[in-house]
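Everything on this sheet refers to the single structure shown next.
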């Protein structure tokens, strides 16, 4: 006897506890198995690219904060690098180190969120997430010390950072690094070898490197697929050519590797921060640039960084005015979502949530 | 070990060897490709081992009022080099380009986004519909004449 | 007129019942006083369950807060003790929504069907010496029978809600409940065998050495199985909030939601009470004739703490893995336990068929060894199933970049 | 033994059970607020303001509305307009601080509060009178003179120069007294002597202050 079944279409999102914002996937299930996936975007579309065309080059920095709001420092950095390439200027070394340092702090914060929510979606009721937020809170406090805001930092400016770090920042950073070691070790102890986490994520949704490359996937997802591609290594910007770090690479290409790569990147970020503290020298933190920037007409620049989600790039075109003529944002979250079919089809409902968590999208950046 | 960026001339010469009709010219950073030949050029750029551009960074369209530029940023992870090629579409109505979806699947959402916001249609894309805005939205907001 | 309760009545053992019965019986006919005394006891038990549920919600939220290094609700009353009350008030004032297209009678019946079995289960639990409402001689059987009503209620909820997430939750829940009945029943068989009785009162009296020492394996299986039946972490697939929103009770709101929550947390309390009775010796302890209720509460609280602790620590298993855990891990374990206990009881019991304290001690020693060995063996068997080979490295690896690899 | 890591996890959560919570119970306790905190109510020193509207021009959202008229007394002095309207639409403000960055006379400062919640959007507009009358607790965002160590070389490995644990702020925006317009200036007394902005409004005390400086 054969049992007659029929597929069931479910709209996961835009209001769902674990779609990382207002993301919607229309999924057709056969029982609990996923047959068809269709993502629907646009619920958080704010037209950032259009808004950028109507603001001057410095004002756009405030818009970049709101792209991937979990890593606004890195967004600032990407944009400022693009503008600097457009202007053909180079920030002073201290600014470069400050940028590197804050970007790495932000990367830790963003990866903590990614890891915390990844495990939350596995069903750990908030505990790893709270531990992650406990540490992230300290980072945000450091940001408040630096620039007066925690999430929407607007810390960097074309030509450097808005101001040098206050004096009390450095001892606070030292204390944070000390405490974070302990807290993060605790989190690793809770998660890294947990058998339940292992069987839930090992071997689930592997993305072969060829598929990842063809889908333009970048960042930790690409590295988890076995490709050791990191723009901080390949195209060092700011002070990344001065510091040493390793690139963690996955060998199983699965959800666990994506989780593991993020955990390891936090360690590497800590290494980079320590080196920055050692190497940073006194000096100016900002170039003397006019308040309103006017790059030469016809110039274009592609400024990219390795953001916490992947390759974040700003493609700026100038027409000689005070505002960018075109400001294209290459958002890693959106483009990483290209693999959503390879990631989800054939797996179960429970894996779907976890896989979505493992590529760590941020709707502010997907919809822009 | 910085990534090498191909000059426009270099790329256009490499392209011209295989696809002479595809290349329209070059500038400092990019090679200019004939709009109708984008598909062929894309396949060549990806599959030719001496180019090996298997990673598509981004596709961008720029509205210059009289014409649209579409910019492709490419990277070869194996050879560690980057290149840019551009194509120019004249006019404002019924613009279309061959899709590179079959070459680089990473172009999927970016092409849809360009269609949605800029109004450049990509022929051969299997799911060419609006991505950020809803179906039935009038106009393409990133165009310079959209207010 | 004075009424006398027959000594063979199941309610005879309950002193409170007899007190009420005698008191009411002096002025009313016997059958009426029988009913009224019963209603009084039901009132007490229903309130005990609901109050217990309230206390457990509070304890769970406070403890989860502390496990997560934060405070938890602390605004209402001392230590936030009135928080459940505030939640209840909020839920009572909320609109009671029934989704369009729902099967309305079934939808409305579910909350009642969720709470009823819990209250029914409490009828046989001895809170202290001679305080169970009904000293049923088949108490264990009764509990197992009544507890499976919940699965029907859950499926009714999922079916009648006209919501696909609810359907997912219901289907998962029924699958889980049915598969976990088996190891739970088998683990309780060992207990019944050692105590040589199905009455909860006799089981408590038989525990000169608490049964979680005598049969650690049965305790382990029972706790795991009950976590699954209660939808507790790590087996909480039926209402996996990150996957299917709230599972079977996605569409419930207002009073109905309050009742379902009460049933859920009340369930934790009742199951903990049962576990405390069956495995931790229930009300027995020093001065148990006076402090029996205290020992009982402490032991129940300890089990509740265990449930909350697991919830705070573990991620959730996938539905197929939960099934695998049940059939491939817990079922063999319970069979091992059953076999070991059967052999031990057969070999150790005296000529009159009674196990002495010394016998229980010997059993405890043997069974601890059996437990460790069995969990190790079956754990490794499961692990071999989830090992994965590393893949071939890709050809797009960039040379010259120092990398670290996962092993 | 398989399952050992799960036991380790239980120990981690148990350890955290005994630890002091890291959260702050807000109305009773307050998180440490840093002097650069970009707070809600803007601090504006009318005496310093020339009505140039740089802030309004530089605001990414265009939420600052300034209406000026030539002031009779100031026209001969060349640089002072009478401000009639200075509205900041707080409900659209994103506290980026670019207006403060743009102000050439250090007349506008970020505030340091964060408790300006209102029930109506209409009340979210800061008017010129509110700006005039507000208690002035300026933030040090983009105002290094308030941080109290201007002129000192910024040390790279600054962590060595300050003893561990000594993180007392040199300036406390919330706890300290409200600051007047002379205390927040970047420039010396000679600047005021040259009858720049604000002298006309408060001539006598300015002269005294000038005399005091000498």
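Chains as they are written, first to last, in the working numbering: chain A, 161 to 528; chain B, 1047 to 1193; chain C, -13 to 393; chain D, 30 to 243. By construction, the Cβ of each residue, glycine as well, lies at the ideal position given by its N, Cα and C atoms.
- Message: Assess contact between the segment 198 to 206 of chain A and the segment 66 to 86 of chain D, defined as three or more Cβ pairs (one per stretch) separated by less than 8 Å. Is contact present?
- Response: no
- Interface residues of chain D facing residue 309 of chain A [CB-CB closer than 7 Å]: 67, 124
- Using alpha carbons as the reference points, say which of A:371, A:272, A:332, A:299 lies closest to residue 289 of chain A. A:272
- Message: Does the structure place the segment 390 to 398 of chain A close enough to the segment 463 to 481 of chain A that three or more beta carbon pairs sit under 8 Å?
- Response: yes
- Check whether the Cβ atoms of residue 298 of chain C and residue 285 of chain A sit closer than 8 Å, and answer yes or no. yes
- How is residue 111 of chain C classed by DSSP in three states: helix, strand or coil? coil
- Please report the residue range of the beta strand (DSSP E) in which residue 1144 of chain B lies. 1141 to 1144
- Report yes or no: is there a C-beta of chain A within less than 8 Å of the C-beta of residue 308 of chain C? no
- Query: Can the beta-carbon of residue 476 of chain A be found less than 8 Å from the beta-carbon of residue 321 of chain A?
  - Reply: no
- Query: According to the neighbour-count rule (16 or more other Cβ atoms, all chains shown, within 10 Å of its Cβ), is residue 179 of chain D buried or exposed?
  - Reply: In this prediction, residue 179 of chain D scores a pLDDT of 43, lower than 50, which makes its location untrustworthy; the coordinate-derived value is nonetheless stated afterwards. By the 10 Å Cβ count, residue 179 of chain D comes out exposed.
- Query: Can you name the residues of chain C whose CB is closer than 9 Å to the CB of residue 300 of chain A?
  - Reply: Residues of chain C passing the Cβ test: none, with the nearest at roughly 16 Å.
- For the alpha helix (DSSP H) containing residue 1110 of chain B, list its first residue and its last residue. Unbroken run through residue 1110 of chain B: none, as it is neither H nor E.
- Are residue 1143 of chain B and residue 1081 of chain B closer than 8 Å when you measure CB to CB? yes
- Message: Check for me: the beta strand (DSSP E) holding residue 198 of chain A runs from which residue to which?
- Response: 193 to 200
- Kindly confirm or deny that the segment 225 to 232 of chain A and the segment 422 to 430 of chain A touch, where touching means at least three C-beta pairs closer than 8 Å. no
- Task: Measure the beta-carbon distance from residue 507 of chain A to residue 194 of chain A and round it to whole angstroms, keeping in mind my assumption that it falls under 8 Å.
- Result: 6 Å
- What does residue 222 of chain A reach in chain D if we use C-beta pairs closer than 8 Å? 89, 123, 125, 127
- Out of curiosity, what's the CA-to-CA distance linking residue 292 of chain C and residue 253 of chain C? 14 Å
- Message: Using the Cβ count rule (16 or more neighbours within 10 Å means buried), how would you classify residue 170 of chain C?
- Response: buried
- Query: residue 51 of chain D versus chain C: which residues are under 8 Å apart at the beta carbon?
  - Reply: 55, 56
- Is the segment 44 to 56 of chain C close to the segment 67 to 86 of chain C, with three or more CB pairs under 8 Å? yes
- Inspect the beta-carbon positions of residue 1076 of chain B and residue 1132 of chain B and report whether they are closer than 8 Å. yes
- One or two residues paired with residue 1128 of chain B in a DSSP bridge: B:1051, B:1121
- Item | Spatial distance of residue 402 of chain A from residue 312 of chain A (CA atoms) | 28 Å
- Query: What does residue 176 of chain A touch in chain C if you count any residue whose Cβ is under 8 Å from its own?
  - Reply: 231
- For residue 182 of chain A, decide whether its Cβ has a neighbour in chain C, counting only Cβ atoms nearer than 8 Å. no
- Message: Counting only C-beta atoms, is residue 1125 of chain B closer than 8 Å to chain A at any point?
- Response: no
- Message: Pop quiz: residue 302 of chain C and residue 282 of chain A are said to be a contact at Cβ under 8 Å. What is the actual Cβ separation, rounded to whole angstroms?
- Response: 6 Å
- Item | Counted within 10 angstroms of its Cβ, other Cβ atoms place residue 350 of chain A as buried (16 or more) or exposed | buried
- Message: Closer than 8 Å is the cut-off here; do at least three beta carbon pairs connect the segment 229 to 239 of chain C with the segment 149 to 156 of chain C?
- Response: yes
- Message: With the cut-off set at 8 Å, would you say residue 1102 of chain B and residue 1152 of chain B are in Cβ contact?
- Response: yes
- Message: Taking 8 Å as the threshold (beta carbon to beta carbon), is residue 166 of chain A in contact with chain C?
- Response: no
- What are the start and end residues of each continuous beta strand (DSSP E) run of 3 or more residues lying completely inside the segment 369 to 425 of chain A, in chain order? 407 to 409
- Query: Excluding five sequence neighbours on each side, which residues of the same chain lie with their C-beta closer than 6 Å to the C-beta of residue 398 of chain A?
  - Reply: 256, 259, 260
- Query: Buried or exposed: which applies to residue 1183 of chain B, given that a residue is buried once 16 or more other Cβ atoms fall within 10 Å of its Cβ?
  - Reply: exposed
- Can we say the segment 455 to 462 of chain A touches the segment 474 to 493 of chain A, given the rule of at least three CB pairs closer than 8 Å? yes
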